[in-house]
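Everything on this sheet refers to the single structure shown next.
In the numbering used here, the protein residues as written are 177 to 267.
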């Protein structure tokens, strides 16, 4: 599994046999709008500002910093819901 971070999206890709096709890449979070929104809803509908530093928790949830919004966010592996776990979203 590999994570790719872009200013407004969080992508997830599974590498198989050293090759990667576009069909194997999916958007995990972000709409393309650079903002702070979406807590409590689907991660793919959330708005991010420069996500960085992804880790997977022991329960399989994804945690990352939304650096432009000064928060740490979590995406539930089971539900796909995004929440803020640290910070207030202020700039």
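Every residue, glycine too, gets a C-beta built ideally from N, C-alpha and C.
- Separation of residue 236 and residue 252 (C-alpha to C-alpha, rounded to the nearest whole angstrom) is 8 Å.
- Nearest Cα to residue 244 within the set 226, 232, 261: 226.
- Annotated three-state conformation of residue 220 is helix, per DSSP.
- Bounds of the beta strand (DSSP E) holding residue 250 are 247 to 251.
- Beyond the five residues adjoining it in sequence on each side, residue 231 comes within less than 7 Å, by CB distance, of 239 in the same chain, given in chain order.
- Contact between residue 258 and residue 229 does not hold, since the beta-carbon distance rounds to 16 Å and is not under 8 Å.
- Beyond the five residues adjoining it in sequence on each side, residue 248 comes within less than 8 Å, by CB distance, of 239, 240, 241, 242, 260, 261, 262, 263 in the same chain, given in chain order.
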